[in-house]
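In the working numbering, the protein residues as written are 42 to 164.
Working notes, structure below.
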Amino acid sequence: MSNLDVSMKDMMAIDGAIGAAVVDYNSGMALGTMGSSKSLDLQVASAGNTEVMRAKMRTMESLGIKDDIEDILITLNGQYHVIRPVTGRKGKGLFLYLAMDRGRANLALARHQLKGIEENLSV
């Protein structure tokens, strides 16, 4: 089993997870997806969140912010969506995307678990 497969399974093991992806934000292509929700098209979500990631990076550059993005959180009435850039050199240009059911998720714990998954990911 590849490191990518293990990372995807670890993401889906987070309480409340309904969909997960590892995405290349240069191309917008998902390298891997896993999910249990028919209402969440992970390919479309991956491409759309690539635009979110690119926009935030451009904005930070325009503002002269020299910090790194830890994660981007999008809250909906019934879901949390977390975008976490991969910072290790083995995963540069990638981000983790996790969609969770808001009623079953613990956001703080999920962010902590995503950090560990991101640190161990190598593609």
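A virtual CB, placed ideally from N, CA and C, is assigned to each residue, including glycine.
Quick check on the burial criterion: 16 or more other C-beta atoms within 10 angstroms. Buried or exposed for residue i?
i: N90; result: buried
i: G60; result: buried
i: R95; result: exposed
i: L150; result: exposed
i: G76; result: buried
Residues in the same chain with beta-carbon distance under 8 Å from residue i, minus the five sequence neighbours each way, listed in chain order, please.
i: G144; result: G57 and G119
i: L135; result: V63, V64, D65, Y66, L72, P126, V127, L162 and V164
Whole angstroms is fine: what's the gap from residue i's alpha carbon to residue j's?
i: G129; j: E160; result: 7 Å
i: M70; j: Q84; result: 8 Å
i: S48; j: V93; result: 22 Å
i: V164; j: L148; result: 26 Å
i: A86; j: I158; result: 20 Å
i: A146; j: V123; result: 12 Å
i: A88; j: I106; result: 25 Å
Along the alpha helix (DSSP H) that carries residue i, what are the first and last residues, could you check?
i: V47; result: N44 to M53
The beta strand (DSSP E) spanning residue i covers which residue range?
i: V63; result: A58 to D65
Identify, in the order they occur along the chain, each residue of the same chain with its Cβ nearer than 7 Å to the Cβ of residue i, setting aside the five sequence neighbours on each side.
i: D51; result: I158
Discussion item. Threshold first: 4 residues or longer. Then list the alpha helix (DSSP H) segments lying entirely within the region 75–158, N to C.
Written reply: 83–104, all fully within the region 75–158.
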